[in-house]
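Have a look at the structure below, then the notes.
Residue numbers (the working numbering): 1 to 106.
What follows is the structure, encoded as structure tokens:
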């Protein structure tokens, strides 16, 4: 049985929540670093736009590779395109409440 778009998106979010910036105890999804998740109509392709907390993030290569590897491991996906974007520029307001609490911002 093939997954539908909603199920695939849920699996993508689940997987993104396992990726952490080594310097921050919050996952990239809750940090608000994921700007777009687009599953193709056939549920075999995925495009993700994401950013970093800073353009000069020393862990950028590690984080991007971790995201790519984990998304490629999702059963049924054949094409995964992870794009790094810097617009809009990330700021702390993009974090969800849980992330803000974890970071001591609430």
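Even for Gly, the Cβ is constructed at its ideal location relative to N, Cα and C.
Are the beta-carbon atoms of residue i and residue j separated by less than 9 Å?
i	j	result
residue 77	residue 44	yes
residue 94	residue 26	no
residue 13	residue 21	no
residue 105	residue 74	no
residue 5	residue 41	yes
Can you name the residues that DSSP bridges to residue i?
i	result
residue 34	50
residue 45	79
residue 20	27
residue 12	Residue 12 pairs with nothing; no bridge assigned.
residue 39	46
Smallest Cα separation from residue i: which of the options?
i	options	result
residue 31	72, 63 and 47	63
residue 65	18, 5, 8 and 3	18
residue 96	68, 34 and 23	34
residue 38	81, 106 and 86	81
residue 60	13, 10, 12 and 23	23
residue 83	3, 67 and 58	67
residue 86	36, 69 and 71	36
> When the Cβ atoms of the stretch 47-64 are set against those of the stretch 80-95, are three or more pairs found closer than 8 Å?
Replying inline: yes
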